[in-house]
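Asker:
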Amino acid sequence: MTHVTAKTPTSDQSITASLTVETMTDLDTGQPALVTSTQGNQGDLQVVTVAQALAQVTALREQANRQEALINEYAETVLIPDFLKAFNAELEELDVTTLDGISPKVAAAFQGLIATSPDGTSTIAVPAGQTPAERLATIRTLVQQKQGDA
Numbered sequence: 001m002t003h004v005t006a007k008t009p010t011s012d013q014s015i016t017a018s019l020t021v022e023t024m025t026d027l028d029t030g031q032p033a034l035v036t037s038t039q040g041n042q043g044d045l046q047v048v049t050v051a052q053a054l055a056q057v058t059a060l061r062e063q064a065n066r067q068e069a070l071i072n073e074y075a076e077t078v079l080i081p082d083f084l085k086a087f088n089a090e091l092e093e094l095d096v097t098t099l100d101g102i103s104p105k106v107a108a109a110f111q112g113l114i115a116t117s118p119d120g121t122s123t124i125a126v127p128a129g130q131t132p133a134e135r136l137a138t139i140r141t142l143v144q145q146k147q148g149d150a
């Protein structure tokens, strides 16, 4: 069992990822052309080769990965700590595969649990290895279910 503590949020960040890929008919030649743009207003629209378009897609994936990392960092450093504080809860990650008596089928299906002590504090247990965004969704679902049961 691992107790999770909040990290310090990073400074302001902005990561933009945009790519438009089209096939168009060249008005001068009547031939189809592959064109791309990385600007929302298509200000840099240009005819490209397949290799150039694929290189742009690779760059876009790298930007999307950075965006996903930023989303997860925000969930981990801002939203989860705020959520836990608002509901007077602590978070623990469980490696359910190491718990005695837990079958692999149950371990694979484990989504999380919430337990409230007599003093009113809650412990939310989630499976180890979730991304922060997955963990946030799990915490939110568990709290909503508990509130629905009350």
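Take the sequence shown: its position 131, counting from 1, is numbered 131 in our numbering, and each next residue is one higher. Ideal Cβ positions, reconstructed from N, Cα and C, are used throughout, including at glycine.
Can you list the alpha helix (DSSP H) stretches of 4 or more residues lying completely in the region 50-99, in chain order?
Answerer: Whole alpha helix (DSSP H) segments, 4+ residues: 50-74 and 80-86.
Asker: Taking the alpha-carbon of GLU92 as reference, which of GLN145, ASP149 and GLY129 has the nearest alpha-carbon?
Answerer: On the sequence shown, position 92 is the one that residue 92 refers to. For the residues GLN145, ASP149 and GLY129, the minimum Cα distance to GLU92 belongs to GLY129.
Asker: What residue from SER11, THR38, THR23 and PRO104 has the CA that sits closest to PRO32's CA?
Answerer: By 1-based counting over the sequence shown, the position of residue 32 is 32. The residue with the shortest Cα to Cα distance from PRO32 is THR23.
Asker: Hey, out of LEU136, ARG135, SER122 and PRO81, whose CA is closest to GLN147's CA?
Answerer: For this step, residue 147 is matched to residue 147 along the sequence shown. Per the Cα distances, SER122.
Asker: Let me know if THR138 comes out buried or exposed under the rule of 16 or more other beta-carbons within 10 Å of its beta-carbon.
Answerer: Position 138 of the sequence shown, counting from 1, holds the residue named residue 138. Under this definition THR138 is a buried residue.
Asker: For the candidate residues ALA108, VAL21 and ASN88, whose alpha-carbon lies nearest to that of ASP119?
Answerer: Within the sequence shown, the letter at position 119 stands for residue 119. Checking every option, the nearest Cα to that of ASP119 belongs to ASN88.
Asker: Pick helix, strand or coil for GLN46, following the three-state DSSP scheme.
Answerer: As a first step, residue 46 must be located in the sequence shown, where it is residue number 46. Looking at GLN46 - three-state DSSP - the assignment turns out to be strand.
Asker: Would you decide whether GLU62 is buried or exposed? Buried here means 16 or more other CB atoms lie within 10 Å of its CB.
Answerer: Along the sequence shown, one-based indexing puts residue 62 at 62. Counting Cβ neighbours within 10 Å, GLU62 comes out exposed, since fewer than 16 surround it.
Asker: From which residue to which residue does the beta strand (DSSP E) around THR141 run?
Answerer: As a position in the sequence shown, residue 141 is number 141, starting the count at 1. Premise fails: THR141 lies in the alpha helix (DSSP H), 132-149, not in any beta strand (DSSP E).
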